[in-house]
Each structure stands twice: as C-alpha cells, then as structure tokens.
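For the protein sequence lines, the chains are A and B, in the order given. So for the first sequence, my numbering puts the first residue at 1; every next one is plus one. So for the second sequence, my numbering puts the first residue at 1; every next one is plus one. In this text, a Cβ means the ideal position worked out from N, Cα and C, and glycines have one as well. One structure is given here, and the rest of the page talks about it.
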Amino acid sequence: MNAEAPFSRPSPLLQVRGLTHRYGPHIGCRDVGFDLYPGEVLGIVGESGSGKTTLLKCISGQMEPSEGSVEYQTRDAGLIDLFRMSEARRRLLMRTDWGIVYQNARDGLRMRVSAGANVGERLMAIGDRNYGHIRSEAVDWLERVEMDVGRIDDMPHTFSGGMQQRLQIARNLVTKPRLVFMDEPTSGLDVSVQARLLDLIRGLVRTLGIACVIVTHDLGVVRLLSHRLMVMKGGSVVESGLTDQVLDDPQHPYTQLLVSSILPV
Amino acid sequence: MADVIDHPNRTAGSDGRATDARTATGYNFAYLDEQTKRMIRRAILKGVAVPGYQVPFGSREMPLPYGWGTGGIQVTAAVIGPDDTLKVIDQGADDTTNAVNIRSFFAKTAGVATTERTPEASVIQTRHRIPETPLTEEQILVYQVPIPEPLRWLEPREAETRKMHALEEYGAMHVSLYEDIAKFGRITKSYNYPVRVNGRYVMSPSPIPKFDNPKMDRMPALQLFGAGREKRIYAVPPYAEVKSLDFEDHPFTIESWEQCCALCGAEDSYLDEVVTDDKGGKMYVCSDSDYCEQRRAAGHRGDGGDPSYAARHEIPTDRTADGDAS
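So this is what it looks like as structure tokens:
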C-alpha cells in the first residue's frame with residue numbers, strides 16, 4: 001500500500017478493515033480494507049456486479065456488512081465504528097458530516113418540494129428556524145453549483161438530468177460535510193453535461209477540502225477526479241494505487257483489460 | 001341487570017354501574033364490551049404519560065363508517081361514566097348530523113345525560129373545533145382524528161415515521177412550511193396545523209382550524225385524540241405545553257376577520273361564512289353554535305351581517321337584516 005504514503009496525515013477520516021458482505025451464499029464484496037484521509041478523493045472502479053455499490057452502501061452506513069469494521073473520525077470522539085454507534089448518532093452523522101449523491105437523482109431529492117426546500121432541508125433538520133437565513137443559503141448554494149437562481153421555487157422534476165445532479169450536490173454540501181459518497185454521479189448524462197458536472201465537482205472538492213468516495217465504471221471520471229483508485233472484480237479489490245499509476249501502468253490482468261477496453265474517439 | 005348482555009369477563013362487583021337501568025336493551029354500558037374499554041383505557045393512560053405519542057390500539061368496528069368519528073366514539077365510550085354529561089360538536093355546531101347521532105348513540109347505549117352547553121358538559125367529543133368557552137379541569141375533550149401522523153405527507157412509510165418520531169427527526173416538518181412561504185409569502189396551512197407537545201413529539205391536532213391551536217396550549221382540560229381507522233390514540237395532559245411550529249422570522253399567527261359575528265357580535269370567535277342569497281350576500285356567524293347562543297341569551301346582538309358589505313361591493317340590496325330572527 002505504498003499509495004498511501006503521499007497522503008499520510010495524522011489520522012484517517014475513514015478506516016475500513018476486512019469488510020465482507022454476503023447475500024446469502026453469494027459474496028457481495030470480500031475482505032476490503034482502505035484508509036481515506038481528509039480531502040482525499042478515492043475512486044472505485046469495476047464492471048457491473050463487481051461489488052462496487054455493495055461496498056459503497058456498507059461504508060456509507062446504509063447497509064451493515066457481514067464482517068469487518070468501518071470506522072469514522074468523528075469531530076468530538078475520535079474513530080468510532082459506524083455500526084457500534086447509536087442509530088440516532090449515525091443518522092445525524094449522515095445528514096450533517098456526510099453527503100450521499102445517488103446515481104438516480106430521484107433517490108436523493110425530494111421530488112415534490114421546490115429546489116430551495118431541497119437545499120434547505122438539511123439546515124432545517126439540524127435546527128435552523130430562520131426562513132431568511134435558509135433562503136439565502138439556498139440561493140448561495142444554487143449559485144455555487146452554477147444553477148439558475150431564478151428556478152429556486154421550481155420542482156426538481158422540471159429540471160434536466162444534469163441540473164438534478166447539481167441540485168443533489170448542493171443539497172448535500174449545504175451543511176459543509178467532510179465526506180461525500182458518490183454513486184455513478186455522471187451516468188446517464190450526455191458527455192458535455194458530464195464534463196461540466198465533473199469540472200464542478202472537482203472545483204468544489206478542491207476548494208472545500210471534502211474527502212470523497214466515487215464509485216463509477218467510467219475510467220474517465222476517476223482519471224479526472226480521484227487521487228487514488230481501487231479496481232474491483234468479483235467482490236475483491238484486485239489492484240489499488242495512485243490513479244495515474246494504475247491507469248497508465250496496470251499490473252493485474254483485469255485492470256489491463258479494463259484500461260484497454262476504453263473506446264478511442 | 002337483566003337488560004344487559006353479560007360479558008364473560010365482566011365481574012358484577014367491579015362493574016355494577018354498567019348495568020344502569022337507563023341503558024337500552026341488549027347493549028353493554030356505552031356499547032363497547034368491558035375488555036375493549038379496558039384496552040382503550042390502557043392506551044389512553046400510556047398516551048397521557050407520553051404526551052403527543054401515538055399509541056397503537058385495537059380499534060373496533062363501530063356502527064358508523066370510518067371518517068365519521070369511530071376513533072373519538074371509542075375513546076368517549078372508554079372514559080364516559082353514568083354520571084357524566086356529554087356534549088358532541090361537529091365543526092363547532094351541536095345540531096349537525098354527526099353530532100346529533102353520536103349524542104343519541106350514547107344517550108341510548110350509556111343512558112348518560114347530554115347537553116349542548118359547554119360549561120355543563122363533563123365529556124365533550126369534537127370534530128374539527130375546540131369550544132370558544134374556556135374548558136376546565138373537570139372536563140375531557142375528545143377529538144376525532146382522520147390522519148394522526150403529522151409526518152405522513154412527507155414520509156409514506158410507517159416504519160420510517162416511527163423512527164423519525166423516536167429520533168426526534170422533525171426537520172422535514174419545516175420543509176412544508178418553507179414551501180408555503182416560498183410560494184405565497186406566508187404559511188398558508190390553516191387547519192391541522194402541526195404542533196410540538198411538551199417540547200418532544202410533533203403531533204397532528206386533528207383538522208381544527210389553526211385559530212384553535214393556542215387554546216390547546218396549557219389547557220386545563222384533558223385532551224384525548226382517537227383515530228379509529230388508523231388505530232391510534234394520543235393525548236395532551238392538562239396544562240401541557242403545545243407549541244405550533246413556525247419560523248423565527250415568520251411566527252405562527254391565527255386567522256382574523258374584519259367582521260364580528262352577525263348574530264351575537266362576538267369579536268373573539270371563529271367565524272363561518274354563510275351565503276344568504278344568490279346576489280353575493282353573506283354573513284359571518286360564530287362556528288361555535290353554543291357560544292353564540294349563550295352570548296345572545298346574555299343580551300349581545302350582532303349587526304345582522306355586515307351592512308357596509310353590499311355598499312362596498314356595489315351589490316343592489318333588497319335583503320333586511322335577518323340576523324336577530326332567532
């Protein structure tokens with residue numbers, strides 16, 4: 001794991017050890033372990049069914065793994081295992097310190113309330129009771145994700161796919177999280193929209209110093225965004241390292257196959 | 001004694017009063033059997049102990065359709081005794097179908113005295129209003145509740161709403177208020193306005209107008225809520241704090257009217273708009289019919305409708321002030 005050296009900081013934000021999840025007799029993911037440091041972007045790539053999403057669900061507290069530990073560096077009490085803390089605390093963590101950007105914006109947004117309310121919901125959830133303040137924060141965040149502020153009172157279903165993803169990002173970042181999970185944030189968007197969204201995410205992650213775990217099957221996305229890369233196949237991590245290192249000098253046969261499968265334009 | 005069907009679990013000694021000779025043939029006292037009443041009382045006690053918490057209970061089939069007050073009627077049946085005096089109101093009025101029928105139901109099955117006068121009643125079952133006359137420690141107010149879950153509109157899953165209550169995750173409640181202000185510049189929710197009880201549980205006050213919300217706060221009377229179809233009972237004990245949700249910069253307000261009651265001149269009561277003809281004529285009268293009558297009996301008189309209304313709207317008027325007709 002020499003890849004961790006350039007990013008070594010006093011303590012990791014997220015520490016995953018021996019994580020295994022089984023669906024009955026089937027293996028979802030097997031013996032995965034990594035450290036994620038503050039401000040670091042980790043990409044997880046692999047083909048469909050390789051266990052990427054299972055892994056993401058386990059490390060983001062949505063699903064309890066069969067074995068292994070997921071420890072998070074809380075602001076007040078140091079490293080705590082996600083599944084040992086109380087549910088109240090875990091849920092509070094998930095809506096303040098964390099963000100989750102779903103592949104399908106409909107999973108991450110409240111489709112029947114306006115864009116402004118979607119952005120303001122997290123603020124209200126942590127006790128903000130001042131309408132003027134919530135409103136100005138919502139305007140501010142719509143601007144930061146480069147959305148038209150005039151559409152603040154429109155419903156999310158009137159937005160295009162790219163705008164829905166932007167709104168989802170704004171909604172997650174409003175509480176200034178330290179860690180954001182993204183599950184295929186750009187799939188289903190056309191390439192020009194993808195490029196702008198990726199540029200936005202890269203800018204936000206860099207300026208806000210957010211640590212990020214991005215699950216994707218698109219090697220272009222990880223090339224652009226992530227510092228480190230894990231390649232998964234059949235539930236196991238087959239190769240990991242610095243992004244450029246893995247993509248330019250793949251060692252494992254599967255990674256070599258994956259890299260050579262990119263269609264040249 | 002012979003008039004009443006004996007319930008197998010009923011002991012004659014503990015329940016001698018249930019065999020009152022005034023009750024109709026073939027019914028246990030207050031219609032429900034003793035075991036059911038006991039079960040409902042346990043739910044009520046739990047509800048009182050945890051203000052605003054929705055206690056599940058085994059709601060029974062009642063001889064009226066869901067939505068007509070099956071929850072309220074079961075709660076009333078569980079708390080009423082032979083010496084009680086019952087008042088039933090429906091949208092403030094004592095003389096509407098729902099109120100008249102529920103009153104006669106208990107007169108028949110429990111043989112209790114009934115009244116339309118708020119101060120004389122010891123148990124008041126209500127649909128969608130709180131009486132204008134302040135209630136006392138001697139009284140119990142029973143609400144009929146159609147949808148007890150205040151979080152339902154934003155979270156359809158029952159398991160999830162229970163978790164939200166348990167973990168006090170009420171931020172989403174304010175999302176609906178935010179939406180109102182964003183769209184209309186003010187909170188437009190005018191009935192069933194969500195409240196927080198005793199600083200803990202967010203509760204649906206049943207579809208009373210928000211005008212009545214302040215009356216729930218620190219009310220001396222015990223407030224019980226029954227939802228028959230949804231099988232939930234909850235309660236607000238006497239003098240408990242009931243706070244309507246709002247924003248710091250958009251505080252909770254109640255409705256107000258330019259008019260006073262056309263019949264009794266009351267300025268402090270919730271007014272219903274009554275259309276009087278097909279030329280735009282209308283008048284505003286107290287929704288609480290008993291309150292209005294009490295005031296008129298005490299000599300108060302309204303202006304028989306707003307005389308300036310027709311003039312302001314240039315409507316040719318040929319009607320006379322018929323407000324004092326009663």
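For the stretch 179-197 of chain B, residues whose beta-carbon sits nearer than 8 Å to a beta-carbon of chain A comprise E179, I181, A182 and K183.
Around the C-beta of L257/A, fewer than 16 other C-beta atoms lie within 10 Å, and the residue is accordingly described as exposed. Below the 8 Å Cβ cutoff, chain A contributes R110, V113, A117, G120, E121 and M124 as neighbours of V175/B, in chain order. By the C-beta density criterion, M164/B is buried, having at least 16 other C-beta atoms within 10 angstroms.
In terms of beta-carbon proximity, G132/A lines the interface with chain B, with at least one pair separated by less than 9 Å.
The C-beta distance from C212/A to V246/A rounds to 17 Å, too long to meet the 8 Å contact threshold. For F106/B, the enclosing alpha helix (DSSP H) covers residues T97 to T109.
The three-state secondary structure of E67/A, taken from DSSP, is strand. Nearest neighbour of I130/B by Cα position, chosen from S176/B, R157/B, M216/B and W153/B, turns out to be M216/B.
Distance from the CA of M155/A to the CA of P185/A, rounded to the nearest whole angstrom, comes to 20 Å. Residues of chain B whose Cβ lies closer than 8 Å to the Cβ of D153/A are, in chain order, A182 and K183.
Contact annotation, R90/A with L79/A: C-beta distance approximately 14 Å; criterion of less than 8 Å not satisfied. When only Cα atoms are considered, S240/A and A159/B end up about 40 Å apart. Annotation for F181/A: the continuous beta strand (DSSP E) segment containing it runs L179 to D183. A distance of 9 Å or more separates the beta carbons of L86/B and F57/B. Of the other Cβ atoms in all chains shown, fewer than 16 fall within 10 Å of the Cβ of M111/A; this residue is therefore exposed. For E87/A, the nearest CB of chain B lies under 9 Å from its own CB, placing it at the interface with that chain. Going by DSSP, K215/B is part of the alpha helix (DSSP H) stretching over N213 to M216.
Just measuring C-alpha positions, the residue of Q91/B, E137/B, S190/B and R295/B sitting nearest C260/B is R295/B. Around the C-beta of K231/B, 16 or more other C-beta atoms lie within 10 Å, and the residue is accordingly described as buried.
The three-state secondary structure of C292/B, taken from DSSP, is helix. DSSP places C29/A in the uninterrupted beta strand (DSSP E) bounded by H26 to L36.
Neighbourhood of D249/B in chain A, by CB distance below 7 Å: N130, Y131 and G132, in chain order.
Cβ neighbours of C292/B within its own chain (closer than 8 Å, five residues either side excluded): C261, L263, C264, A266, S269, V285 and C286. Restricting attention to alpha helix (DSSP H) runs no shorter than 4 residues, the stretch 90-139 of chain A encloses them at 105-108 and 115-125, ordered along the chain.
Here H157/A carries a helix assignment [DSSP, helix/strand/coil].
With three or more CB-CB distances shorter than 8 Å, the stretch 76-84 of chain B counts as touching the stretch 40-56 of chain B.
Assignment of D199/A by DSSP, reduced to helix, strand and coil, places it in the helix class.
Contact between the stretch 179-194 of chain B and the stretch 96-106 of chain B is absent: fewer than three C-beta pairs spanning the two stretches fall below 8 Å.
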